[in-house]
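What follows is one structure encoded as structure tokens, with my remarks underneath.
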Amino acid sequence: MFDKQDLARLLDAMRAHGVGTLEIEGGDMFLRLALPAGPAPATAAEAKPATATAAACSPDIGTFLPRGSDDGLPAIAPGDAVRAADLLGYVAQGAVRAAVTAPADGIIASGIPAPGTLFGHGDPVLTLETRP
């Protein structure tokens, strides 16, 4: 007799190898497993690498000013690659600016907040896609 774990392993193996139907006979036992027709499973080469996210958080309370607004640095945009500790923008209170930096190497996955967007201490400002 098959338990749930055995059946799960058989179904996983069927999916991995593109097998649609499996029949097993033995003694007084007969088992037939059939998977619905669908797209072929992705191979290891086709599968996307695993990704994780990391949030660049506000170091203070204030309004956001993106990098490149008035600091002479190139502007950033979604899809740009950044390194850990790269400057992403500032949270400002009057003339005092606190740097918002990348927490890890990654790709900017979220939109860039508009200048003047208000953030509290620890609020996520930007999201980076990173590799685990």
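Once you know that position 99 of the sequence shown is 1436 in the working numbering, the rest is easy, because the numbers rise by one and skip nothing.
Heads up, the beta-carbon is just placed ideally off N, CA and C, and yes, glycines get one too.
All values reported here derive from a predicted model rather than from experimental measurement.
- In the three-state reduction of the DSSP assignment, A1412 falls in the coil class.
- By the CB criterion at 7 Å, I1449 and D1417 fall outside the cutoff.
- Shown here, A1435 sits in a strand according to DSSP, grouped into three states.
- When secondary structure is reduced to three states using DSSP, L1402 falls in the strand class.
- Boundaries of the beta strand (DSSP E) around L1359: 1358 to 1363.
- Distance from the Cα of A1441 is smallest, within the candidate group E1360, P1469, P1415, L1344, for P1469.
- Bounds of the beta strand (DSSP E) holding R1369 are 1366 to 1371.
- Counted as a single uninterrupted DSSP element, the alpha helix (DSSP H) harbouring A1350 occupies residues 1341 to 1354.
- A residue is called buried once 16 or more other Cβ atoms fall within 10 Å of its Cβ, and L1455, having fewer, is exposed.
- Between the beta-carbon of L1372 and that of R1352 there is about 7 Å, and that keeps the pair under the 8 Å contact cut.
- If you compare the alpha carbons of P1415, G1459, D1423 with that of S1447, the shortest gap goes to P1415.
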